[in-house]
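Every letter in the sequence shown is one number past the one before it in my numbering, and letter 280, counting from 1, is 265.
Idealized CB from N, CA, C, for every residue including glycine.
Nothing here was measured: the structure is a model prediction, and the numbers come from that model.
Data block below; observations after.
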Amino acid sequence: MSTTPSNSRLRAVNPEQTGSSPISSMQFMPKTPERKHDPIHPVLGSTPLAVGTSIMQKLQPDANKPQKYDSAKYEQYIVQDFERHRVFVDIDIFMKHVLHIPENWKELWGRTIRRIKRDGVFSTAHWDYSRQCGTRGVQEWRFYKPLVDMGNAILDFAVSSSDDSVKPQTLLRYLRNDPKRVSCGMINDLSPDVVAVHNGFLQHICLGEWNERHLRETNLTWAQPLQALEIKPWDSALVSGSCMPRLKVNGQDPWQNHAQPYTPSRFPKRETGSTTMGEASASDFPPSRKRPADESLESNLKSQKVHYKSTPSGASSRVAAGGLRKPRGSETDRQKDAYLQVGRYLLEQFSVPAFHSHATIGLVDRDRIQFYHTNHSVILVSSAINFSPNDRTGGLDKFIAIIIAFSRLSLRDNGILHNLHNDKLFGDNEKLPTSQLTREAVWMQEGNRMKFGGDEKTKPFTLVYGKVISREPSLVGRSTVVLHAKSLKWKDIDLVVKISWPSSDRIAENEFLERATKKAESDEDHKWALNHLPQALFAQDVVFDSDSTHEKVASLFDNAKFVNGEY
């Protein structure tokens, strides 16, 4: 498991060597030596072929038309990443390092949070949501509207607040999206239940959608959602960290701060200002009990989910410190179904070419919420909070603080590659969240520009994106995308730009190319290799600032300690 976020490396490459190759003026053209072994059955000691590599695609029956991965193949990779790269962290640590919530948020935002809880719009929505939690057999879609209304009430209050510490940096609006599909992804037919979009996108939705806060007709691509929430009202969807490394910070096991499913009565008490309503009668809200496994709460509008049935290899069961009960040593099929759905959404966030650096998704199980965050290096899973009126652990305050924090993130800290390296790189990415895009993902970046500051050898220049040549999004790993490009600096050369996320301690690819080129040029027997080496015109490592989300997450793993000293 990689414990530090990778730096992306950008390369402009000239695929055509004729006329510009270092060997073009030579009187003869070195011939590539003939291979002496079968590439399908490598010689002993050679590197084994990895699943999904480009050479594997070339070994398909039709090498000219490599097959695109289907949904099941991507889900296989998602499951593997979740098995190998998840780390369970305390929600308080998640709030600080992923959402940039200040350590003294209770004092800094406490007055605002108390006012929000007394606000009529928020309290009505919260009451309605809690009523659904306390109703047996309620369908999933009934949770959508009150949850959307709660989020928007918090945002509206933050916008109008005189307290600058809670004012949004990115104006957001929560909308119901289910059952509408989000387009331009790698996996078809995905419809996150609730999405948060930039206010600038609202100009594209129709009046009815705005009034209902429900997208029905407006096309949404994976470039627009800044956050997404998936609702699984099962009382059993969230994981407790028993099957993954649990990061210990300040000596505390994150499982100690994990909200368990509610089993007592869910009857909420409604508070509006200083007036408190009495408990609802049992005839109005039947007692809550754990939902039987065969009792479906899915909306009939919801697409059928694909169920992954195998069991990931998990940590052995252990007794937690402090007299806590022994956590499970395995995860249920319901938990796997839920986090696989989250994994699909996370992967789709990375499917937009040259756009996302990290992504965060919330998984809601009745009145509990848990967050997943990935940045190509690790998958963080937070402990859950309970935001019901009956909770006495401050869960509702944390829920409100998290919604405020999402709106206070810049586009860059929301996970969008934007204005890096002296505010020059990826500047045009700010257009995508507010645009109504109808073209396919391979054309999504076409015409957008990327400005480079240059280096000691190259003056500043600008690239203009063309069509995507290839893209292989991944939760953990390189997630490489290659696009056609043009630049006035190299007007007569057909360029491509490669953007990937190699490990930060890995030697840069252009350094290997330089070494290989020098070796080939210096040895007559190796000059044939010059025919096969791309001409790297420019390369740059993207380094994130110390206060960026990437670096904040990376700092968690400096001298990291895990529960029971495992992993």
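Counting C-beta pairs closer than 8 Å gives fewer than three between the segment 72 to 92 and the segment 129 to 139, which falls short of the contact rule.
Rounded to whole angstroms, the gap between the alpha carbons of residue 351 and residue 537 is 30 Å. Distance from the Cα of residue 183 is smallest, within the candidate group 170, 415 and 169, for 415. The three-state reading of DSSP puts residue 449 in strand, counting E and B together. For the pair residue 428 and residue 400, the Cα-to-Cα distance works out to about 21 Å. For residue 215, the three-state secondary structure derived from DSSP is strand. Residue 486 holds the alpha-carbon nearest to the alpha-carbon of residue 343 among 205, 231, 486 and 355. Annotation for residue 323: 217, 222 and 348 place their beta carbon closer than 7 Å to its own, counting only its chain and skipping 5 residues before and after. Check the Cα spacing between residue 388 and each of 366, 346, 199 and 422: the tightest is with 346.
Inside the segment 374 to 433, DSSP marks whole alpha helix (DSSP H) runs of 4 or more residues at positions 380 to 393 and 405 to 408, from first to last along the chain.
When only Cα atoms are considered, residue 367 and residue 531 end up about 22 Å apart.
Cβ atoms of residue 535 and residue 360 come within 8 Å of each other, at about 6 Å. Here residue 439 is not bridged, per DSSP, to any residue.
The continuous alpha helix (DSSP H) containing residue 540 extends over residues 534 to 540. Just so you know, the alpha carbons of residue 455 and residue 468 end up roughly 7 Å apart. According to the DSSP assignment, residue 244 belongs to no alpha helix (DSSP H), since it is labelled neither H nor E. About 6 Å separates the beta carbons of residue 146 and residue 97, which is inside the 8 Å limit, making them a contact pair. When 441, 394, 450 and 543 are compared, the shortest CA-CA separation from residue 471 is found for 450.
Per DSSP, residue 113 is not a residue of any beta strand (DSSP E); the alpha helix (DSSP H) it occupies stretches across 105 to 118.
Residue 159 is bridged by DSSP to 181. Shown here, residue 133 sits in a helix according to DSSP, grouped into three states. If you draw a straight line from the Cα of residue 363 to the Cα of residue 71, it comes to about 6 Å. Distances from the CA of residue 549 to each of 117, 227 and 192 were compared; the closest alpha carbon is that of 227. A Cβ-Cβ contact shorter than 9 Å links residue 186 with residue 419.
Each residue's CA atom was taken as its position, placing residue 196 and residue 160 some 10 Å apart. Annotated as distal: residue 412 and residue 523, with beta-carbon spacing of 9 Å or more.
Segment contact: the segment 162 to 171 against the segment 196 to 205, three or more CB-CB distances shorter than 8 Å; contact assigned. Residue pairing by DSSP places residue 231 opposite 73 in a beta bridge. The residue among 150, 235, 219 and 519 with its C-alpha nearest the C-alpha of residue 92 is 150.
Judged by DSSP in its simplified three-state form, residue 325 adopts helix. Among the bridge pairs identified by DSSP, residue 341 is matched with 401.
Between the C-alpha atoms of residue 175 and residue 442 there is a straight-line separation of about 46 Å. Per DSSP, reduced to three states, the secondary structure at residue 483 is strand.
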